[in-house]
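What follows is a single structure, written as structure tokens, with notes after it.
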Ligand code: 4NP
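Residue numbers (my numbering): 106 to 268.
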């Protein structure tokens, strides 16, 4: 099983969207998600501002426009155990990656990536910008970036793990 964790700051906008989008794409590709399945997909925030809160309404509505329901997800904070538990820990932006690099034990550093590094045909786009203080257009843009990175990441694990 491949364990995949999406990480942003608050775990209420970008990373729960990435969790939902990737789960949706993986399911369409016939990849099963769950504790004893092909993949285990989760998300967390480097900050604990919104513990146990559902995703921001604007993120929920944006995802729903594409048939992705993230309404049941609950925010949690990234923990030290996550670095050993997960195989891929995918940061939405460089600030969060930098926080993760400082906390992650040396033997797990290779699991940390910028999520956008898996996006194909997106030259120069390295981060999913934080939409929290923005407008609904910023949520649309974040969704589009997440969708692209998710497709590329799905292709990556399909090739690597023969899924
Ligand atoms: P996220 O967005 O990291 O994509 O979940 C944010 C959510 C909350 C805050 C900042 C960013 N906040 O400052 O409360």
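The beta carbon of each residue, even a glycine, is placed where N, CA and C say it ideally should be.
Residue i Cβ short of 6 Å to the ligand 4NP heavy atom set
| i | result |
| --- | --- |
| residue 154 | yes |
| residue 114 | yes |
| residue 235 | yes |
| residue 119 | yes |
Where the alpha helix (DSSP H) containing residue i begins and where it ends
| i | result |
| --- | --- |
| residue 250 | 241-266 |
| residue 128 | 119-133 |
| residue 157 | Where residue 157 is concerned, there is no enclosing alpha helix (DSSP H), given that its DSSP letter is neither H nor E. |
Reference residue i; option with closest CA among the options
| i | options | result |
| --- | --- | --- |
| residue 198 | 219, 185 and 209 | 219 |
| residue 117 | 149, 138 and 170 | 149 |
| residue 260 | 172, 224, 166 and 182 | 224 |
| residue 153 | 128, 183 and 159 | 183 |
| residue 145 | 125, 168, 156 and 221 | 125 |
Host beta strand (DSSP E) of residue i (start-end)
| i | result |
| --- | --- |
| residue 219 | 217-219 |
| residue 108 | 107-113 |
| residue 195 | 193-196 |
| residue 144 | 144-150 |
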